[in-house]
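S.K.: Each protein sequence line maps, in turn, to chains Y and R. Heads up: the first sequence begins at 44 in the working numbering, then just goes up one per residue. Heads up: the second sequence begins at 44 in the working numbering, then just goes up one per residue. One structure coming up, written as structure tokens, with questions to follow.
There are 2 protein chains.
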Amino acid sequence: MALEPAPTAAALIIGNELLSGKVEEANLPLLARNLRGLGVELRRVVMVLDHIPTIAEEMRQLSASHDWLFTSGGVGPTHDDVTIEAAALAFGTNVISHPDLEAMIRGYYGDKCTDGHLRMALMPEGASLESSPEVPWPTIRVKNTFLLPGIPEVFRIKLPVVMSRITAKIPYFSRAVYTKMDEGDLKPLLDRVVADFRDVDVGSYPKWRDPAYKTKLTFDGRDEARVRAACDAFVATLPEGEPQKVE
Amino acid sequence: MALEPAPTAAALIIGNELLSGKVEEANLPLLARNLRGLGVELRRVVMVLDHIPTIAEEMRQLSASHDWLFTSGGVGPTHDDVTIEAAALAFGTNVISHPDLEAMIRGYYGDKCTDGHLRMALMPEGASLESSPEVPWPTIRVKNTFLLPGIPEVFRIKLPVVMSRITAKIPYFSRAVYTKMDEGDLKPLLDRVVADFRDVDVGSYPKWRDPAYKTKLTFDGRDEARVRAACDAFVATLPEGEPQKVE
């Protein structure tokens, strides 16, 4: 019996500094691995500049076409932080100052609190605040969309709370086979296992100048028995002396 | 007198292994920095799965809406390498085997050449092959779109040839200011310089727990005099003891 399809997700990464090459994006690999662990299929990532209409349009499309959307970047207090305003535009609502957030900010900055700091209390009207006892500083959620900060250290702290809100039941199961054969020679063997196991995602990744192996083959799916069967069927077709390793 | 707008570019990053979090994307930062150095504005990056209709549709849209498009991934010989086929679909042409590429492949593999290896001679009909005396293995180009390989070591080798085909004349000029002020306090000063220098891109990047500075401000544009003036105007508004550094 076929499993239900995996829930789908998209990510929207926001920031001029990433597209200009000044800063290397660091949040996506962590998000991708976390979603994978929950059995959620990350299907699309879009990276855009700090431009409100572009962000809003992308947010509207990605949130409508996926079960979950995660954004990274643009939630600070300065002029180039426009994700909250874009989210309000995308979801057809207004930007308001949230009393709880405002109180937290006033409590944190005390006498030194400025209008700039208070901008961090802004959120789209109707959004919810997601926090936990361990991570009290909240992440803003609008429907199926979580607005995460771009600073990797803060993204990392907030992600577990966000992930705890994702309901998915069947994680992916993976096997990997390492061989010293090249992709040209592997192709007919791969074509056979791909044809026989349409429900298993088979990947082939050449490694450049590694003495241990030349190509890594991966087998992925949410039905563990099928993944194991596909991997075993493939390994059985390899010539003597192969594979180098299965894991 | 205002400068001509910068040429625009997009990148399309292809590969299940990136979206599943198994492999961290490594080509985008290099591409972004190279384009920046040429004065080309990278405006959008899209990352998708190994799915022909999705890749083709994205390629069609991104190539039509930008001066240049660069793809990364999916150009090898196995079943999950579908970028050539997607490019043919996107540009309304057929996949053919290129005689020069076929000859190079036969020359390289000799007696051990398989049908799998020969798949690497496939390209969209009407595409051109871009190479140089130093990098003879070509990159496939269809109109304004270059199809680069995902393997970082090969991407790195091929990129200089591709960049030599990009005609752009006015590089970006950048200044950076480091301060121990936080974004909330900086906001009114930033708002003033942003309002006075609409043609300069001003960025603000908080650093998490660094003893040397708290916020890095960046000033970018293709008109060096305007960038310098914006940076100087901002620095003049800082309180005593600031900035920590300008570079």
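Beta carbons: idealized from backbone N, C-alpha and C, even for Gly.
1) Compare the C-beta of residue 62(Y) with all C-beta atoms of chain R and state if any pair is closer than 7 Å.
2) Given residue 257(R), which residues of its chain have a CB within under 7 Å of its CB, disregarding the five upstream and five downstream residues?
3) On the three-state DSSP scale, how would you describe residue 52(R)?
4) Can you tell which of 127(R), 143(R), 144(R) has the C-alpha that lies nearest to the C-alpha of residue 137(R)?
5) Restricting to Cα atoms, I'd like to know which of 196(Y), 68(Y), 146(Y), 55(Y) is closest to residue 253(R).
6) Cβ of residue 133(R) within 7 Å of Cβ of residue 102(R)?
7) Using a cut-off of 9 Å between C-beta atoms, extract the partners of residue 214(Y) located in chain R.
8) With a threshold of 7 Å between beta-carbons, can residue 90(Y) be considered close to chain R, or not?
9) By a C-beta neighbour count over all protein chains shown, 10 Å radius and 16 as the cutoff for buried, is residue 181(R) buried or exposed?
10) Going by Cα to Cα distance, which pick from 260(Y), 149(Y), 69(Y), 79(Y) is closest to residue 227(R)?
11) Is the segment 112–132 of chain R touching the segment 86–103 of chain R in the sense that three or more CB pairs, one from each, lie closer than 8 Å?
12) Going by DSSP, what residue range makes up the beta strand (DSSP E) through residue 188(R)?
13) Where does residue 146(Y) sit, in a helix, a strand or coil, going by DSSP?
14) Specify the secondary structure class of residue 82(R) as computed by DSSP and reduced to three states.
15) As a quick exercise: from 246(R), 233(R), 279(R), 210(R), pick the residue whose alpha carbon is nearest that of residue 78(R).
16) Can you list, in chain order, the residues of the segment 233–252 of chain R whose Cβ is nearer than 8 Å to any Cβ on chain Y?
17) Per the contact definition of three or more C-beta pairs closer than 8 Å, is the segment 60–71 of chain R in contact with the segment 269–283 of chain R?
18) Classify residue 102(R) as helix, strand or coil using the three-state DSSP reduction.
19) Does residue 51(Y) get closer than 7 Å to chain R when you measure Cβ to Cβ?
20) What do you reckon, is the C-beta of residue 230(Y) under 6 Å from a heavy atom of the ligand FMN?
21) Could you compute how far the alpha carbon of residue 67(R) sits from the alpha carbon of residue 87(Y)?
22) Could you tell me which chain Y residues have their CB closer than 8 Å to the CB of residue 149(R), listed as they occur along the chain?
23) Look at the Cβ atom of residue 109(Y), then the Cβ atom of residue 51(Y), and state whether they are nearer than 7 Å.
24) For the beta strand (DSSP E) that contains residue 220(R), what are its first and last residues?
25) Check whether the Cβ atoms of residue 185(R) and residue 203(R) sit closer than 7 Å, and answer yes or no.
26) Count the other CB atoms within 10 Å of the CB of residue 112(Y); is the residue buried (16 or more) or exposed (fewer)?
27) Could you tell me which residues DSSP pairs with residue 138(R) in its beta bridges?
28) Taking any Cβ of chain R, which residues in the segment 158–181 of chain Y have a Cβ under 9 Å from it, in chain order?
29) DSSP has residue 248(Y) in a bridge; who is on the other side?
30) What span of residues does the beta strand (DSSP E) with residue 185(R) cover, start to end?
31) Return yes when the Cβ of residue 178(Y) is within less than 7 Å of the Cβ of residue 200(Y), no when it is not.
32) Please report the residue range of the beta strand (DSSP E) in which residue 112(Y) lies.
33) State the DSSP-derived secondary structure class of residue 227(R), mapped to helix, strand or coil.
34) By the 8 Å beta-carbon criterion, what residues does the segment 101–122 of chain R contribute toward chain Y?
35) Taking a Cβ distance cut-off of 9 Å, strictly less, list which residues of the segment 71–91 of chain R are near chain Y, in chain order.
36) For residue 265(Y) versus residue 58(Y), is the C-beta spacing smaller than 7 Å?
M.R.: For this structure:
1) yes
2) 222, 223, 224, 225, 249, 250
3) Correct three-state label for residue 52(R): strand.
4) 127(R)
5) 196(Y)
6) yes
7) Chain R residues near residue 214(Y): none, gap ~12 Å exceeds 9 Å.
8) By this cut-off, residue 90(Y) is an interface position.
9) buried
10) Closest by C-alpha distance to residue 227(R), out of 260(Y), 149(Y), 69(Y), 79(Y), is 149(Y).
11) yes
12) 188–191
13) helix
14) coil
15) 210(R)
16) 233, 234, 237, 244, 245, 246, 247, 248, 249, 251, 252
17) No, the segment 269–283 of chain R is not in contact with the segment 60–71 of chain R.
18) helix
19) no
20) Ligands are entirely absent from the displayed structure, and the ligand FMN is therefore not among its contents.
21) 15 Å
22) What residue 149(R) touches in chain Y: nothing, since even the nearest Cβ is about 12 Å away.
23) yes
24) For residue 220(R), the enclosing beta strand (DSSP E) begins and ends at 216–222.
25) Taking 7 Å as the Cβ cut-off, residue 185(R) and residue 203(R) do not qualify as a contacting pair.
26) buried
27) 167(R)
28) 158, 159, 160, 161, 162, 163
29) 259(Y)
30) It spans 182–185 - the beta strand (DSSP E) in which residue 185(R) sits, taken as one unbroken run.
31) yes
32) 111–115
33) helix
34) 119, 120, 121, 122
35) Within the segment 71–91 of chain R, 71, 72, 73, 74, 75, 76, 77, 78, 79, 80, 84, 85, 86, 87, 88, 89, 90, 91 place their CB atoms closer than 9 Å to a CB of chain Y, listed in sequence order.
36) No, these two residues do not count as a Cβ contact at 7 Å.
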